[in-house]
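Everything in the first sequence is counted per our numbering, starting at 156 for the first residue and increasing by one.
Have a look at the structure below, then the notes.
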Amino acid sequence: MAGSNLVRTRIAPSPTGSPHIGTLYQALFNFAFAKKNDGKFLVRIEDTDRERFVEGAEGKIFEAIDWVSLSENESPRKGGDWGPYRQSERLSIYREYEKDLLEKGGAYKCFCTKERLDALRSSQAASKQPTIYDELCRKLNEEEIAKNESEPYVLRLKVPQEGNLVVRDEIRGDVEFDASLIEDSVLIKTDGFPTYHFAVVVDDHLMKITHVIRGEEWLPSYPKHVLIYDYFGWEKPYFYHTPNLRNTDKSKLSKRHGHASIDWYRQEGFLPEAILNFLALMGWSHPEGKEEFYLSEFTKLFDPKDLKPVGPVFDLTKLEWLNGVWIRKFPLTELKKRLLDFYKNDKETLEMFKSSHIDLLIGLSQSRMKKLSDFKNLAFNNASARDLTTAEMKIAEKLFNTLSNIEHSDWREERILNVLKNFKNTENVSMKEIYFLITGREQGLPLIETMVKIDGREQILENLKSRF
RNA sequence: GCCCCCGUCGUCUAGCGGUUUAGGACACCUGGUUCUCAUCCAGGAGAUCACCGGUUCAAAUCCGGUCGGGGGUACCA
156 MAGSNLVRTR IAPSPTGSPH IGTLYQALFN FAFAKKNDGK FLVRIEDTDR ERFVEGAEGK
216 IFEAIDWVSL SENESPRKGG DWGPYRQSER LSIYREYEKD LLEKGGAYKC FCTKERLDAL
276 RSSQAASKQP TIYDELCRKL NEEEIAKNES EPYVLRLKVP QEGNLVVRDE IRGDVEFDAS
336 LIEDSVLIKT DGFPTYHFAV VVDDHLMKIT HVIRGEEWLP SYPKHVLIYD YFGWEKPYFY
396 HTPNLRNTDK SKLSKRHGHA SIDWYRQEGF LPEAILNFLA LMGWSHPEGK EEFYLSEFTK
456 LFDPKDLKPV GPVFDLTKLE WLNGVWIRKF PLTELKKRLL DFYKNDKETL EMFKSSHIDL
516 LIGLSQSRMK KLSDFKNLAF NNASARDLTT AEMKIAEKLF NTLSNIEHSD WREERILNVL
576 KNFKNTENVS MKEIYFLITG REQGLPLIET MVKIDGREQI LENLKSRF
């Protein structure tokens with residue numbers, strides 16, 4: 156490819172809001188494939204839309220990339236040989252290639268005003284056949300080009316008026332388009348900024364991208380990109396159009412219907428490992444049918460051509476399960492680190508981490524957490540779920556008396572267990588009820604261990620007494 | 001409307017013409033372990049492979065059509 160066998164991939168996010176989970180999805184594939192081939196993975200910021208530009212959004216994209224450890228080799232922040240990596244800083248480059256394209260006959264200047272364009276486009280014939288509209292427009296502009304030379308214009312791609320355009324997608328095979336149905340798209344806007352179509356091609360070529368792995372929403376405009384490559388006489392990279400992640404109602408994963416923002420997953424206490432693992436399972440499957448694997452393993456196995464073209468529904472329930480799997484997989488020290496980081500802005504909870512029992516609490520919570528956010532409630536919430544009924548109060552009082560009979564020095568696990576079992580039989584109550592009486596909760600950390608190692612005799616007795 | 005892509009349990013998927021009574025995972029249900037819950041273990045239910053037609057001795061697997069879903073149709077990406 157392009158005079159070198161070094162694989163180079165990229166993601167090209169737009170700084171238009173909080174980073175989207177779909178960006179991570181693309182990043183994962185591009186990162187993995189580059190790594191597999193000892194290539195380079197880069198991040199290019201596509202900030203050509205000044206209307207939708209959001210200050211600070213770029214920083215959040217990199218924050219997300221760092222969070223999941225999909226670190227890039229080249230980018231605006233890391234630099235590289237083929238920068239700048241921000242499109243807004245490449246305007247002069249596009250201008251240069253505009254001239255080139257014009258000379259090669261691949262594009263033309265269009266001086267049409269918005270009004271004239273709308274009129275052309277809305278004519279009945281043109282609305283069905285862009286070719287007609289394009290033809291009119293080309294003719295008008297040819298006549299006017301000399302006298303309008305100083306007026307603002309738009310650069311438009313010259314799409315053939317007839318014939319088929321066949322493009323190759325490495326996942327689906329050849330895809331055929333009718334050229335007469337493709338509009339002469341705008342390549343450079345009046346504000347001097349390029350549109351996506353022009354900028355991607357120029358940049359991917361200049362940045363020596365060998366494999367373009369991008370969302371399937373680009374498939375319909377793919378022939379335009381190919382046209383540009385061909386006009387320039389450039390070698391094309393391989394293209395893979397990945398399926399889009401879907402909401403439960405099958406629509407494209409959006410902020411409206413689902414959880415599209417990476418921030419949300421982070422705030423909920425999902426682990427980067429689990430998210431990546433889960434994302435890898437969308438459209439791809441492990442050759443041995445494994446469900447849980449490390450990024451490093453995925454990186455060795457992944458080939459974008461194995462991707463399924465079907466848009467997968469993003470199933471939060473399975474992600475939660477997988478997150479639990481990863482939480483259980485961690486050694487205690489690692490889990491503690493993650494927890495500490497997760498609660499770093501929650502002063503009150505952070506204070507609780509100073510408890511001398513913290514390691515025990517984490518250990519006991521580990522198999523009971525699906526998300527890091529579950530820990531707080533599991534380990535530190537002592538509030539009763541509800542008040543006791545009068546019948547329960549009677550039993551609670553008996554239980555209190557029974558427990559009180561255990562001497563402080565005898566407050567050991569096996570002793571308590573025996574007493575409780577005995578109580579259960581004589582009073583004909585279930586262990587579940589006893590658990591509730593003592594803890595005030597329907598479920599939670601193991602009862603006896605917490606009674607001995609965490610709360611202690613006095614605390615338990617005091618709590619129990621307050622309930623009746 | 002037009003163009004393009006897609007269509008296996010509710011969801012993620014295996015399957016690439018015969019080894020398939022279509023396999024695994026999540027979720028769900030049952031049982032076991034257990035001081036509650038969870039973990040863990042064992043088992044169960046769940047898909048006429050969207051539908052119709054064709055090719056073939058043989059089709060979830062190949063072809064065509066229909067329907068359904070998604071995406072695109074911007075001086076947004």
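Glycine included, each C-beta is placed from N, C-alpha and C at the ideal position.
In this structure the segment 449-458 touches the segment 428-438; the number of beta carbon pairs closer than 8 Å is three or more. Taking a cut-off of 8 Å for Cβ pairs, the segment 387-404 and the segment 179-188 touch, as three or more such pairs fall below it.
Three or more beta-carbon pairs separated by less than 8 Å are not found between the segment 228-236 and the segment 259-279, which leaves the two stretches without contact.
In this chain, the beta strand (DSSP E) harbouring ASP329 covers 328-333. Taking every protein chain shown into account, the CB of SER621 has fewer than 16 other CB atoms within 10 angstroms, so this residue is exposed. At least 8 Å separates the beta-carbon of THR350 from that of TYR308. In the structure shown, GLY479 adopts helical secondary structure according to DSSP, grouped into three states. In the DSSP assignment, TYR263 is bridged to ARG311. One Cα belongs to ARG163, the other to GLY211, and the distance between them is close to 27 Å. Per DSSP, the beta-bridge partners of HIS396 are ARG369. Checking the DSSP bridge columns, you'll see HIS175 partnered with SER416. Residues of the same chain with a CB within less than 8 Å of the CB of LEU494, apart from the 5 flanking positions on each side, are PHE508, ILE517, LEU527 and PHE530 in chain order. Distance between LEU505 and ILE513, taken at the CA atoms: about 11 Å. Contact annotation: ILE603 and LEU572 have beta-carbon atoms nearer than 8 Å. For VAL468, there is no enclosing alpha helix (DSSP H), as DSSP gives it neither H nor E. With a cutoff of 8 Å on beta-carbon distance, THR403 and VAL468 are scored as near each other. Secondary structure note for ARG323: its beta strand (DSSP E) is the uninterrupted segment 319-324.
In this structure, PHE353 lies near ILE343, with their beta-carbon atoms less than 8 Å apart. A straight-line Cα-Cα distance of about 16 Å links ILE561 and ALA551.
The beta carbons of THR557 and VAL574 sit closer together than 8 Å. If you look at LYS195, you'll find it isn't in any alpha helix (DSSP H); it sits in the beta strand (DSSP E) that goes 195-198. The way I'd put it, the segment 320-337 does touch the segment 381-397; three or more beta-carbon pairs between them come closer than 8 Å. In the three-state DSSP reduction, GLU506 falls in the helix class (H, G or I). The criterion of a C-beta distance shorter than 8 Å is not satisfied by VAL322 and PRO285. Within the DSSP bridge table, the entry for ILE166 names VAL198 as partners. Around the Cβ of ASP221, a 10 Å sphere holds fewer than 16 other Cβ atoms; the residue is exposed. If you draw a straight line from the Cα of PRO459 to the Cα of PHE188, it is about 7 Å long. Taken through DSSP and simplified to helix, strand or coil, LEU342 comes out as strand. In its chain, beyond the 5 residues on either side, LEU179, PRO427, ILE430 and LEU431 have a beta carbon closer than 7 Å to the beta carbon of VAL223.
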